[in-house]
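*Asks:* Could you have a look at this structure, given as structure tokens, before my questions?
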Amino acid sequence: MSAPWLLLAALALAAGAALAKDRPPRLLGGLMDAEENDEGVQRALRFAMSEYNKASNDMYRSRVAELLQARKQVREGDDSSLCKCKMEKSRDAKPKLSQ
Numbered sequence: 001m002s003a004p005w006l007l008l009a010a011l012a013l014a015a016g017a018a019l020a021k022d023r024p025p026r027l028l029g030g031l032m033d034a035e036e037n038d039e040g041v042q043r044a045l046r047f048a049m050s051e052y053n054k055a056s057n058d059m060y061r062s063r064v065a066e067l068l069q070a071r072k073q074v075r076e077g078d079d080s081s082l083c084k085c086k087m088e089k090s091r092d093a094k095p096k097l098s099q
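Just so it is clear: in the sequence shown, position 83 is 83 by my numbering, and no numbers are missing.
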């Protein structure tokens with residue numbers, strides 16, 4: 001009775017290893033590169049720029065000029081995006097309204 005289970009376990013391990021070799025390892029809590037158009041990256045950029053502009057005393061809003069690096073942190077249940085970018089002042093936009 002145990003021989004079929006051992007064979008099934010061996011086949012499952014072999015299939016898992018074959019599938020895993022095509023993908024890069026994803027360690028829980030580890031960082032991996034992310035694409036610029038990734039939804040999480042775009043959401044992180046929008047949030048960061050919104051918070052930066054709220055806290056800034058500059059008359060004009062800042063915007064992302066260039067995305068230098070985007071990384072994702074893999075966690076249980078969700079991913080977090082980390083971005084490194086160059087910013088520039090948006091002189092063609094309307095000035096910020098005082099609150």
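Note that CB positions come from ideal geometry on N, CA and C, so glycine has one too. Keep in mind that this is a model prediction, so the values were computed, not measured.
What does the alpha-carbon distance come out to for the pair residue 59 and residue 80?
*Replies:* Going from the Cα of residue 59 to the Cα of residue 80 covers about 31 Å.
*Asks:* Report the rounded CA-to-CA distance for residue 90 versus residue 62, giving the unit in angstroms.
*Replies:* Cα to Cα, the separation comes out at about 6 Å.
*Asks:* From the DSSP output, which residues share a beta bridge with residue 62?
*Replies:* Its beta-bridge partners are 89.
*Asks:* Please state the DSSP three-state secondary structure of residue 80.
*Replies:* Residue 80 falls in the strand class under three-state DSSP.
*Asks:* Can you check whether the CB of residue 55 is closer than 9 Å to the CB of residue 83?
*Replies:* It is not a contact, given that the beta carbons lie outside the stated cut-off.
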